[in-house]
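Working notes, beginning with the structure itself.
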Amino acid sequence: MRKRSTGLRVSWVKPDDLAALEAAIGPQTRMIWVETPTNPLLKLADLAAIGAIARRHKVISVADNTFASPVIHRPLELGF
């Protein structure tokens, strides 16, 4: 991600810390991006809870589900 040239501001939050995620959302937040399972530790994020937080704050939620694939893990069924 080229945040410098695009002017993006990024907040990094552990996928299992929902309170920190909620605290990181501000007036300029437009998207929550989640990688699950994470690389390289393979931690799973609570996509249903993160999706609910995104909807509550009216921001887009995106799940990078590359490792699990839609056969095993279906983010769309969890509100993404």
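Numbering-wise, the sequence shown is residues 1034 to 1113 according to the numbering used here. A virtual CB, placed ideally from N, CA and C, is assigned to each residue, including glycine. Computed from a prediction, not measured in an experiment: that's the story for all the values here.
Proximity of residue i and residue j at Cβ, strictly below 9 Å
i	j	result
I1093	I1058	no
T1158	H1090	Nothing in the structure corresponds to residue 1158, since the chain is present only between 1034 and 1113.
L1051	I1086	yes
V1043	A1053	no
F1100	L1075	yes
A1078	P1048	yes
Where the beta strand (DSSP E) containing residue i begins and where it ends
i	result
E1068	1064-1068
A1081	A1081 -> not in any beta strand (DSSP E); alpha helix (DSSP H) instead, spanning 1080-1090.
V1095	1093-1097
Terminal residues of the alpha helix (DSSP H) in which residue i lies
i	result
A987	This structure leaves residue 987 out entirely; the chain is present only between 1034 and 1113.
Contact set for residue i: own chain, Cβ-Cβ below 7 Å, skip 5 residues either direction
i	result
A1096	V1067, T1069, L1080, P1108, F1113
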